[in-house]
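Quick notes on the structure that follows.
There are 4 protein chains.
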Amino acid sequence: MGANFRSDNETPVAAPIWDAMAEANQGTAYSYAEDHWSERLDEAYSELFERQVRVLPVATGTVANSIALASVSPPWGSVYCHRNAHVLCDESGAPEFFGNGLRLVPVDGPGGKMQADALATAVHASEGHGVHSYAPAALTITQATECGSVYQPDELQALCAVAKGKGLATHLDGARFGNAVAALGCAPADITWKAGIDMLSFGASKNGCMAAEALIFFEQQDRWEIAERLRKRSGHLLSKMRYVSSQLLAYIENDLWLRLASHANGQAAAFTAAVEAHPEARLEYPAEANEVFVRWSASGFKALEQRGIEFLFWPGHDDLARFVFGHTTSEQDTQQLISALEG
Amino acid sequence: MGANFRSDNETPVAAPIWDAMAEANQGTAYSYAEDHWSERLDEAYSELFERQVRVLPVATGTVANSIALASVSPPWGSVYCHRNAHVLCDESGAPEFFGNGLRLVPVDGPGGKMQADALATAVHASEGHGVHSYAPAALTITQATECGSVYQPDELQALCAVAKGKGLATHLDGARFGNAVAALGCAPADITWKAGIDMLSFGASKNGCMAAEALIFFEQQDRWEIAERLRKRSGHLLSKMRYVSSQLLAYIENDLWLRLASHANGQAAAFTAAVEAHPEARLEYPAEANEVFVRWSASGFKALEQRGIEFLFWPGHDDLARFVFGHTTSEQDTQQLISALEG
Amino acid sequence: MGANFRSDNETPVAAPIWDAMAEANQGTAYSYAEDHWSERLDEAYSELFERQVRVLPVATGTVANSIALASVSPPWGSVYCHRNAHVLCDESGAPEFFGNGLRLVPVDGPGGKMQADALATAVHASEGHGVHSYAPAALTITQATECGSVYQPDELQALCAVAKGKGLATHLDGARFGNAVAALGCAPADITWKAGIDMLSFGASKNGCMAAEALIFFEQQDRWEIAERLRKRSGHLLSKMRYVSSQLLAYIENDLWLRLASHANGQAAAFTAAVEAHPEARLEYPAEANEVFVRWSASGFKALEQRGIEFLFWPGHDDLARFVFGHTTSEQDTQQLISALEG
Amino acid sequence: MGANFRSDNETPVAAPIWDAMAEANQGTAYSYAEDHWSERLDEAYSELFERQVRVLPVATGTVANSIALASVSPPWGSVYCHRNAHVLCDESGAPEFFGNGLRLVPVDGPGGKMQADALATAVHASEGHGVHSYAPAALTITQATECGSVYQPDELQALCAVAKGKGLATHLDGARFGNAVAALGCAPADITWKAGIDMLSFGASKNGCMAAEALIFFEQQDRWEIAERLRKRSGHLLSKMRYVSSQLLAYIENDLWLRLASHANGQAAAFTAAVEAHPEARLEYPAEANEVFVRWSASGFKALEQRGIEFLFWPGHDDLARFVFGHTTSEQDTQQLISALEG
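Chains as they are written, first to last, in the working numbering: chain H, 219 to 561; chain Z, 219 to 561; chain X, 219 to 561; chain A, 219 to 561.
What follows is the structure, given as structure tokens:
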């Protein structure tokens, strides 16, 4: 059977994560996040981020994003995001649901990245009309982006500066945060609170965990209790939260998250180089993390499929496809793909 | 004092409407729309539209639009509208509120008009992603448009054909429906159900009434009970509904609505001709009903203001302004404006 | 035809109210509550209540109640009310709709009145369970009650003291506030802010107006902007708000509201005396304002109906009926009813 | 350290469940419930229930309950439940959240059980008032109850008969369904669809699983797609659903669920016998499954605590406590408790 490059969310659980869950699986433990693992999250993540943070453990990225946005926006608030953002395109309106009808406002930008001036224009367009308009409330940025590109710290700073100038709360959707940090070689703080980010959905499920995401509050910590209510009210306060929290602790122990992400990025880079060297195929977007978007002939992609390689066509296209590299993508998998590409 | 061209919603109540309310103000009447006036609405509007309709009387256009859309869209449904649409820009998210988080999807188009191919593209963009995306649910069109232009019957037919092909319900926001019908000289049926429209917010407040709009179901009549529930649940089932329904009956009696709208359109046309003849000012959009958008120098507009003429600058602009003509705009008012324009 | 005692919301508009609307119906006026009538509300009602208040004019009692409660309760907040309260039994869940799923908690009590100890017990029952329970958020009291009784000032004080001790906001549903004040002969302040009430739905539609209620903030004035958003978002910001506000101004001018309510109460008192003197019929609840609940034989009520008198049976009963007296109930109407009762 | 009788949701994962998850943890698998484990659920549960069912796997009981109720009730629908029901008392309004403001109506009844006539009365009380009232929509019953009692099949039949007569959908909250079936010695079908139940929240997390519940549709299968939308929209469509579904498959394989529940019930029975034989302590409710509520002196309970035994006082009481027995409660644990009770 051929290798699978459909999505990093199709990977299994990494061994250290599994072992941590097994270790947590001893005897009884207090339920509803009052266990010893959950209670250690704040400290562990505060150390990682070099400042005091509050952590809300949850099972999916969608709920982390939705709670974050609903915590800082009124029902009549608008939340600015890139037009390709997961919150806009792939969550069936979860932010609107949690936010009681808040509105996502798409902002365009090349390579999956929002730009500061486009954000400023979008916010400006909804000002000045008082109670008749939505009230600008928040900005959400995806890092690494849905297109496989990565924001530089100064790009994030510029976006957050616009947001703060307009009184918006700021959120980073870090479903692939590990891939971004690994790609940039920066400290986690550099692309979060030091750049002006208030809240982070720190993704773990795609990068070695089973079902675990940490919603992290750098600022807006007075919203943590609202967030906690939203978690309960949406059915996301697991009785046996120890199994989520133990994942999240193991995930950042000994840089596991960065090692797993670096591996995935490395495999993506090898494939990226092959695409760049290819006479016909070309990169659709800058491939800076673990996702590679390739524009090629329909027949070329067809040939890949015939060799059993699994990947996803972009909805509505037969000449644009996405290849995602995960923590379990082996060098053999990548070589198989490269060989197939090269015909 | 100068004449007021700020908005047709600043006009007083027309005499025949007032008289009808006074006539309704005799003795007791059953409450909650079980009065004799409310009970005659279906018949009166069925005759006007040359087919059986069901009418839901309400007090504002926002609630009429919101109930219509929420009646036909699930919370995870998307509703397509022009990017300038009142439902999107001026209702503070009322459709999202009534629709429990439904999503409005803006479609661009020149002169305030959506075009059939742009609609098809927008709907297509949200297909094919199953439960992860919003489900295309409805189309709402504004007639006359927020830019003062008017859809021709065949333009509406083309839009509705796209919508029906995708399984969308169709709604017409007719806040200025009278101005559109007066401009086109067509039958009301021609630009509603005969063109493929399922529901109409038949506006009356801007054109002589006090606070009255008729939400009309041509198709989707099985949604009327949902609509009735939404009216009650949003606090819009007035106990003394007779005062709304009597307005709506008088409004269409003896073509009052068309006479009032024709008058307003005529005044707008006189001003439009003056703008077209002006050496510097120019029309921003085709002025086909009772709204005229003028692009001119900031100093020019300043001079108008200094002569006491009231109008609205477009938010964020000092060289673009809107002039609206209403049922009480007199020829003198219009002449005063034209004289001021001509310096 | 027989007299109508079905409900005071079936009465027509009182002449001074009508005249005030007619006076407001001159020329253009700024829309969306920026007119001169709306702008005078705060001052007029501040004078009436002997302290600074903020007023939000709306068209129905349901929206006034719902906005008040949603302004002070989170979606996971509980609002305590009498089990017969209009907000619970007759608004199809409008408070839950405006409040995004807040919960109404019924409290029992004789004669339509909640008692302080029952309230304390009900609040206590939902405490101590943290994020798993609803958070006690508000108390709403109806004055005059749905049963026709009237709270004494000290009864209201006792209820508000319990509420304040638990951190609850307090609201008075004053759909028949005029009847209560007229019955008590007190100052409006005595049974509102002086008793601990934060917000009042000051009813006018049942007592001479067409469609007008004033939501009054004594305390919680920082919630006024939320309230304003909810009004807009629910479609209740009428473009021609002058017609609502002019009613509300006329309503309290020269004690009109009290004179109209006193008249209605007086007619109710005459009938009450007749019931008390009757050999078989008896009062179901203390009849202290303008509603009289009578327990009698089914055949007795049948006889009333046969004489053309209109009134409402209590849902599910044929031996319990409500008689409501309004500002247009004439002495002849009341005499006709009394004669019929006496057979 | 003393034994823990606080809650069965504090137990670890049973070995066969763990092994099934480990087996699922091999290589990549399609995400979002398109994996091989999720695809086998319908068949496996259809066999268990002796009829065709549809299964929606989720991670918590709260989301299973909320989706079930929101799938069958409009926002203006009322859902009848026992006044001690988990959906009412312990989910922070999740049903109201998922149901966009639906209303839970508490029904009283001894021993945690609703009775058919009380249900009929409660439904009747909200009828006959049309659009002004909530519309009766659904019934939810808890089996085993929150008080540790168990409905007999004929009791469930009687409740469902009332519900069906009123047009209500029926739901069983089976957070401890296994304990109920083990206690009754019946077939799972006997207390679900054969008794008139449309939907079941089949609990597994409390009885050996990590975080897994199966929402099962016997009837109302046309609502499954709404349920699927609600799962996605609330952030409960796990990308790696295989880890939930593999639990749910292992849970019913070789009667694991019944064996685990029988063990817990047996331990509870031993303690129940000891309470019954005790001179002072007494059972608060019939102890028929794995929960035992004991009324005793505060000093008696104090003594238990001093011996390190963990259990929960009922909120607001010091003489009423709950003891829950789980799949890992050992005979030694139970003996330790009994010895402590006996002093």
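By construction, the Cβ of each residue, glycine as well, lies at the ideal position given by its N, Cα and C atoms. Everything numeric in this text was worked out from a predicted model, so none of it was measured.
Within-7 Å CB hit, Z:Pro533 to chain H: Locating residue 533 of chain Z in the second sequence gives position 315, where the first residue counts as 1. It does: the Cβ of Z:Pro533 has a partner Cβ on chain H nearer than 7 Å.
Close Cβ partners of X:Gln375 (< 8 Å) along its chain, the five nearest in sequence each way excluded: On the third sequence, position 157 is the one that residue 375 of chain X refers to. So the qualifying residues of the chain are Ala413 and Gly414.
Beta-carbon proximity check, Z:Ser291 vs Z:Leu320, cutoff 7 Å: Here the question's residue 291 of chain Z lines up with position 73 in the second sequence. Here the question's residue 320 of chain Z lines up with position 102 in the second sequence. Yes, these two residues count as a Cβ contact at 7 Å.
For Z:Arg500 and Z:Val493, believed in contact at Cβ under 8 Å, the rounded distance: Position 275 of the second sequence holds residue 493 of chain Z. Position 282 of the second sequence holds residue 500 of chain Z. That pair is a contact at about 7 Å.
Status (buried if at least 16 other CB within 10 Å, exposed otherwise) for A:Lys282: Looking up residue 282 of chain A in the fourth sequence gives position 64. Looking at the sequence shown, residue 282 of chain A is not Lys but Ala. With 16 or more Cβ atoms within 10 Å of its Cβ, A:Ala282 is classed as buried.
Minimum C-alpha distance to X:Lys424 - residue among Z:Ile409, Z:Trp411, Z:Met459 and Z:Leu448: Residue 424 of chain X sits at position 206 when you count from the first residue of the third sequence. Looking at the Cα atoms, Z:Met459 is the closest of the given residues.
Reduced DSSP category for H:Val305 - H, G, I as helix; E, B as strand; rest coil: The residue labelled residue 305 of chain H in the question sits at position 87 within the first sequence. In the structure shown, H:Val305 sits in a helix (DSSP, three-state: H, G or I).
Residues, ordered as in the chain, of the stretch 235–254 of chain X that lie near chain Z by beta-carbon distance below 9 Å: Trp236, Met239, Ala240, Ala242, Asn243, Gln244, Gly245, Thr246, Ala247, Tyr248, Ser249, Tyr250 and Asp253
Close-in-space but distant-in-sequence residues of the same chain around A:Val231 (CB under 6 Å, 5 per side omitted): To locate residue 231 of chain A, count along the fourth sequence from 1; it is residue 13. Excluding sequence neighbours, A:Val231 sits near Met428.
Every unbroken alpha helix (DSSP H) within the stretch 332–404 of chain X, with a cutoff of 4 residues, ordered by chain: 334–343, 371–383 and 395–402
A:Met239 (DSSP reduced to helix, strand or coil): Walking along the fourth sequence from the start, residue 239 of chain A turns up at place 21. Helix.
Cut-off 6 Å between Cβ atoms - residues of its own chain near Z:Ala381, not counting five sequence neighbours on either side: Here residue 381 of chain Z corresponds to residue number 163 of the second sequence, with the count starting at 1. Leu357 and Thr388, listed in sequence order.
Segments of 4+ residues assigned as alpha helix (DSSP H) that fall wholly inside the stretch 511–537 of chain X: 516–524
Host beta strand (DSSP E) of A:Ser419 (start-end): Mapped onto the fourth sequence, residue 419 of chain A falls at position 201. Where A:Ser419 is concerned, the enclosing beta strand (DSSP E) stretches over Met417 to Gly421.
DSSP state of X:Leu259 mapped onto helix, strand, coil: In the third sequence, residue 259 of chain X corresponds to position 41, counting from 1. Reduced to three states, the DSSP call for X:Leu259 is helix.
Within chain A, partners of Z:Glu314 - CB distance below 9 Å: As a first step, residue 314 of chain Z must be located in the second sequence, where it is residue number 96. Neighbours of Z:Glu314 on chain A: none; closest Cβ ~12 Å, over 9 Å.
Euclidean distance between Cα positions of A:Gln370 and A:Ser310: Looking up residue 370 of chain A in the fourth sequence gives position 152. Looking up residue 310 of chain A in the fourth sequence gives position 92. Spanning the two alpha carbons is a distance of roughly 29 Å.
Beta-carbon proximity list for A:Leu474, same chain, < 6 Å, skipping 5 on both sides: Walking along the fourth sequence from the start, residue 474 of chain A turns up at place 256. If we look at A:Leu474 and ignore the five residues flanking it on each side, its Cβ neighbours are Pro234.
Segment contact flag, the stretch 243–254 of chain X with the stretch 262–271 of chain Z, C-beta cutoff 8 Å, min 3 pairs: no
Where A:Lys331 meets chain H, residues with beta-carbon distance less than 9 Å: Here residue 331 of chain A corresponds to residue number 113 of the fourth sequence, with the count starting at 1. Those do not exist, as A:Lys331 stays about 24 Å from chain H at its closest Cβ, beyond 9 Å.
Outcome for A:Pro313 when other beta-carbon atoms lying within 10 angstroms are tallied against a minimum of 16: What you label residue 313 of chain A is simply residue 95 of the fourth sequence in a count that begins at 1. A:Pro313 is buried by the Cβ-count criterion.
Cutoff 7 Å: Z:Arg441 Cβ touching any chain X Cβ: Counting from one through the second sequence, the residue named residue 441 of chain Z turns up at place 223. Not an interface residue.
Integer-rounded CB distance, given that H:Ala487 should sit under 8 Å from H:Val462: Within the first sequence, residue 462 of chain H is the residue found at index 244, counting from 1. Within the first sequence, residue 487 of chain H is the residue found at index 269, counting from 1. About 31 Å separates the two Cβ atoms, so there is no contact after all.
Pairwise C-alpha distance: A:Gly421 and A:Gln550: For the purposes of this step, residue 550 of chain A is identified with residue 332 of the fourth sequence, where counting begins at 1. For the purposes of this step, residue 421 of chain A is identified with residue 203 of the fourth sequence, where counting begins at 1. Roughly 26 Å between the two C-alpha positions.
Residue-level contact to chain H via CB, A:Asn508, 7 Å cutoff: By 1-based counting over the fourth sequence, the position of residue 508 of chain A is 290. Not one chain H Cβ lies under 7 Å of A:Asn508.
From X:Leu555, X:Glu560, X:Leu559 and X:Gly561, residue whose alpha carbon lies closest to that of X:Gly220: Taking the first residue of the third sequence as 1, we reach residue 220 of chain X at position 2. Nearest C-alpha to X:Gly220: X:Leu555.
Assigned secondary structure, X:Ser225 (DSSP; H/G/I helix, E/B strand, else coil): Locating residue 225 of chain X in the third sequence gives position 7, where the first residue counts as 1. Here X:Ser225 sits in coil by DSSP.
Test item: CB-CB of X:Asn222 and X:Glu471 under 7 Å: Start at 1 with the first residue of the third sequence, and residue 222 of chain X comes out as number 4. Start at 1 with the first residue of the third sequence, and residue 471 of chain X comes out as number 253. No. Outside cutoff.
DSSP state of H:Pro504 mapped onto helix, strand, coil: Residue 504 of chain H sits at position 286 when you count from the first residue of the first sequence. Coil, per DSSP.
Listed by chain order, chain A residues near Z:His454 by CB distance under 9 Å: Counting from 1 along the second sequence, the entry for residue 454 of chain Z is found at position 236. By Cβ distance, chain A contributes nothing, its closest Cβ being about 12 Å from Z:His454, past 9 Å.
Distance between A:Gly484 and A:Ala558 (C-alpha atoms, nearest Å): Counting from one through the fourth sequence, the residue named residue 558 of chain A turns up at place 340. Counting from one through the fourth sequence, the residue named residue 484 of chain A turns up at place 266. Rounded to whole angstroms, A:Ala558 to A:Gly484 spans 19 Å at the Cα level.
Chain-order list of residues whose beta-carbon lies under 8 Å from that of Z:Arg449 (same chain, five-residue window excluded): Here residue 449 of chain Z refers to the residue found at position 231 of the second sequence. Result list for Z:Arg449: Leu274, Val276, Val281, Ile285 and Leu455, in chain order.
Within 8 Å of chain H by C-beta, residues of the stretch 347–363 of chain Z in sequence order: His347, Val349, His350, Ser351 and Tyr352
Partners in chain A for Z:Asn318, counting only beta-carbon separations shorter than 8 Å: Stepping through the second sequence from its first residue, residue 318 of chain Z is reached at position 100. Under the 8 Å cutoff, chain A gives Pro293 and Asn318.
For H:His545 and H:Thr229, believed in contact at Cβ under 8 Å, the rounded distance: Mapped onto the first sequence, residue 229 of chain H falls at position 11. Mapped onto the first sequence, residue 545 of chain H falls at position 327. 6 Å between Cβ atoms; contact.
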